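According to our numbering, the stretch in the sequence shown is residues 32 to 272, in order. Glycine residues also receive a C-beta, built at the ideal position from the N, C-alpha and C atoms. Just so you know, these numbers come straight off a predicted model, no measurement behind them. Structure, as structure tokens:
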Amino acid sequence: MRPLTGPVIVTGTDTGVGKTVVTAAIAAAAASAGLRVAVIKPAQTGTDLEEETDAETVTRLASPATVRTISDYPDPLAPLAAARVSSLLPLGLGLVVSEVSAEAAKHDLTLIEGAGGLLVPMGLTPAGEPWHIADLAVELGAPVIVVARAGLGTLNHTALTLEALDRREIPCCVVIGAWPEEPAVVHLTNLADLPGRLVGVVPEGSGGMDGRIFQRSAAGWLAPVLYGTLDDVRSFADEIE
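Quick look at the structure:
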């Protein structure tokens, strides 16, 4: 595969798997390679928690050319549910397609970070039906990067996500979102058995790095398709720093 350009979606096998840090790592590696990069978060939930938002995390770590959030909601729920309980307008699929397309026309690489997993309800279509990140990928004709856990349960969750993408004929690859500093047997066997094309392994705790160090390090965690330097991700995963 050639290095990815245009709109690229980052989703996960679940919530809390490291999507935001992986998004930042790809943005940093691509920017270091000379690309103009945009990162778009269609829906940010949990804004009432007074925690760093995903857009703020990406900005702090990677400093890409553009970082945007289209809609935000106060409750830490799936975006459609968060809109409903707050009596806010649900996010429209057409709006997101329009906003992403506009940014993609001005950037070499546009990363779109989803919420939770592939089939989390994001908003409503004009027909009143829920739409998901998988639908956005189809509308944009965009490949998907699946961020997976390193530990127990990841083989099943990853296989189910890849199966859903394959049924929709969406090209995809896999990045492990948080590789432990001291991997146990379960992590090493999962690394060997993880389905799909593995194109990155990001170290646990990377989100706490100083931005300049993060930007210098990111390429070493990723394969060339994501502007990294790892030719064999599975072989080098236990050596990354």
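* Asked: DSSP three-state call for R69: helix, strand or coil?
  -> Here residue 69 turns out to be Ala, not Arg, going by the sequence shown. In the structure shown, A69 sits in a strand (DSSP, three-state: E or B).
* Residues that DSSP places opposite A179 in a beta bridge -> I207
* Tell me where the alpha helix (DSSP H) around S102 begins and ends. => Counting along the chain, S102 falls outside any alpha helix (DSSP H), though it belongs to the beta strand (DSSP E) covering T97 to D103.
* Pull up the distance between the alpha-carbon of G154 and that of P95, whole angstroms please. => 27 angstroms
* **Where T51 falls, given that 16 or more other Cβ within 10 Å makes a residue buried** => buried
* **Spatial distance of W252 from T54 (CA atoms)** => 12 angstroms
* For N221, count neighbouring Cβ atoms within 10 angstroms of its own Cβ and tell me buried if that reaches 16, exposed if not. => buried
* Over what stretch of residues does the alpha helix (DSSP H) that includes V131 continue unbroken? -> L124 to A135
* Asked: Based on the DSSP secondary-structure assignment, which residues constitute the bridge partners of W162?
  -> For W162, DSSP records a beta bridge to G154.
* Ignore the nearest five residues each way along the sequence and tell me which others in S102's own chain have a CB closer than 6 angstroms to its CB. => Non-local C-beta neighbours of S102 in its own chain, meaning closer than 6 angstroms and more than five positions away in sequence, comprise A74 and L122, ordered along the chain.
* Asked: Which one or two residues does DSSP pair with G148 in a beta bridge?
  -> G43
* Asked: Exposed or buried, K72, counting other C-beta atoms within 10 Å across all chains shown (16 or more means buried)?
  -> buried
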